[in-house]
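Notes follow once the structure below has been shown.
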Amino acid sequence: MKVIKVKDNETMSVKAAEMLSATVKRLAKPVLGLATGSTPKRMYELLIEQYKTGDITFAEAISFNLDEYVGLGPNHIGSYQYYMNENFFNGINIKKENAHIPNGLATCLQTECDIYEQQITEAGKLDFLVLGIGENGHIGFNEPGTAFDSRTHVVELTPSTREVNARFFERTEDMPKEALTMGLATIMDAKEIILLVQGERKAPILKEVIHGPITEDVPASILQQHPNITVITDLDV
Ligand code: GLP
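Residues in the sequence shown are numbered from 0 upward in steps of one, following numbering that gives the first Met the number 0.
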């Protein structure tokens, strides 16, 4: 794992935006994997600025988000579809039909997962994937104990994840219990990955991910085996 140590959130976001836009400029039809959460927000703002100054276009880009909550639609302020529209898609020229997010309202969730996985395969796998990390080591919503060979699937969120993410909801009880997420094998198929980690609360888990054993108890530890991953962080590792 290559590690880039930065001084703060701004520097991390500038570096991440630079790397993502290099891929978008290099490829005729870039396939992007995208994350939500507080960590990549500034990166998205910078990419929107680049688009607005004419430095970059997303006209031919295809994107797949990592995950979505079960039961929340695009109009729900806590849904990842809402987050992506607000923080990125509405500010750039990606075609709506090319910006994929698992449908948390699907009648058959497993079928939705299978279709999502197939769409990623048909797009030729992810060229560039942006990851954040949960304090328990989850990537996407692959909670501790998830099989390394997992593909897009339905997950039951752990109490700790529900507690941490409840801040995005008006009432704690609005926080969904389940989600759809790309699997760990889907993530590992990406050609290039950046893992953005910021803030002291993530320090213990980041140390484990980089230096600890590769174990399904720490889902992100599988990233040690990825051939092209860069961790960008303000933490000492
Ligand atoms: C969420 C998402 C992850 C995200 C992580 C970190 O639960 N499912 O994809 O990377 O938590 O979020 P944050 O950046 O807000 O710390």
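No residue lacks a Cβ here, since even glycine has one placed at the ideal position from N, Cα and C.
Only a predicted model underlies this, so the values are computations on that prediction, with no experimental measurement involved.
Short CB-CB distance (under 8 Å) between residue i and chain D
i   : result
N74 : The structure shown has no chain D; it contains just one protein chain.
Pairwise C-alpha distance: residue j and residue i
i    : j    : result
T185 : E67  : 15 Å
V23  : I55  : 8 Å
T35  : E121 : 23 Å
K28  : H225 : 23 Å
Q84  : S78  : The sequence shown places Asn at residue 84, rather than the Gln named in the question. Going from the Cα of N84 to the Cα of S78 covers about 10 Å.
N102 : V13  : 30 Å
R166 : V2   : 29 Å
E169 : D188 : 36 Å
V217 : P143 : 6 Å
Presumed contact (8 Å Cβ cut-off) between residue i and residue j, rounded CB distance
i    : j    : result
I228 : L194 : 6 Å
L104 : G32  : L104 to G32, Cβ: 22 Å. No contact.
V208 : L222 : 7 Å
Spatial neighbours of residue i in its chain, beta-carbon cut-off 8 Å, leaving aside the 5 residues before and after
i   : result
N92 : Y50, T56, F57 and A58
Proximal residues to residue i (C-beta, below 6 Å), its chain only, five neighbours per side dropped
i   : result
N97 : I61
Close beta carbons around residue i, own chain, < 7 Å, minus the five adjacent residues each side
i    : result
Q197 : N8, M11, T38, T232 and D233
G123 : V30
Y82  : T35
Test item: CB-CB of residue i and residue j under 8 Å
i    : j    : result
N245 : T171 : The structure shown has nothing for residue 245, since the chain only spans 0 to 236.
L19  : L46  : yes
C112 : T151 : yes
L179 : V69  : yes
M174 : G139 : no
E199 : T145 : no
Cross-strand partners of residue i (DSSP beta bridge)
i    : result
G133 : In the DSSP output, where bridge partners are listed per residue, G133 has none listed.
K1   : T229
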